[in-house]
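Notes follow once the structure below has been shown.
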Amino acid sequence: MGCSLDFQCAACGSPAVSLPTPLTELAVVRCASCRSEIGTWLDYKGRICSALSRSAATISADPIFVERTPLEARLDECQRTASDKVAAGFGAHH
Numbered sequence: 036m037g038c039s040l041d042f043q044c045a046a047c048g049s050p051a052v053s054l055p056t057p058l059t060e061l062a063v064v065r066c067a068s069c070r071s072e073i074g075t076w077l078d079y080k081g082r083i084c085s086a087l088s089r090s091a092a093t094i095s096a097d098p099i100f101v102e103r104t105p106l107e108a109r110l111d112e113c114q115r116t117a118s119d120k121v122a123a124g125f126g127a128h129h
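Taking the working numbering, the leading residue of the sequence shown gets 36, the next gets one more, and so forth.
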């Protein structure tokens, strides 16, 4: 994975950063090589989120949003069928 321009220091080109302690939203993030100011931690996190949203596929835990492969759809169907059978069997005995 190559280094994105989003994370290079404007002064020296280094991708390495030095995180401040304590790490608060307004704390200054600096270049680990030349110590130039990169921005606040809040700004830097925003750049990270922006870069990830441009480069990554959407990942969701929402079962309605996620596209299912045929195999995953079949497995889901089998699990629902098994759950229905267990529920029906449980209800018949009580």
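Backbone N, C-alpha and C fix where the C-beta goes; we use that ideal spot for every residue, glycine too. The model shown is predicted, which means the values in this text are computed figures rather than measured ones.
Chain-order list of residues whose beta-carbon lies under 7 Å from that of A46 (same chain, five-residue window excluded): Numbered from 1 along the sequence shown, position 11 holds the residue referred to as residue 46. Non-local beta-carbon contacts of A46 in its own chain, meaning distances under 7 Å to residues more than five positions away in sequence, involve C66, C69 and S71 in chain order.
Per-residue burial, I83 [other beta carbons within 10 Å of its own, 16 or more giving buried]: For this step, residue 83 is matched to residue 48 along the sequence shown. Result: exposed.
Reference L77; option with closest CA among P105, A86, A62 and P57: One-based indexing of the sequence shown puts residue 77 at position 42. Closest by C-alpha distance to L77, out of P105, A86, A62 and P57, is A62.
Option nearest P55 by Cα separation, candidates F42, Y79 and A86: Here residue 55 refers to the residue found at position 20 of the sequence shown. Nearest C-alpha to P55: Y79.
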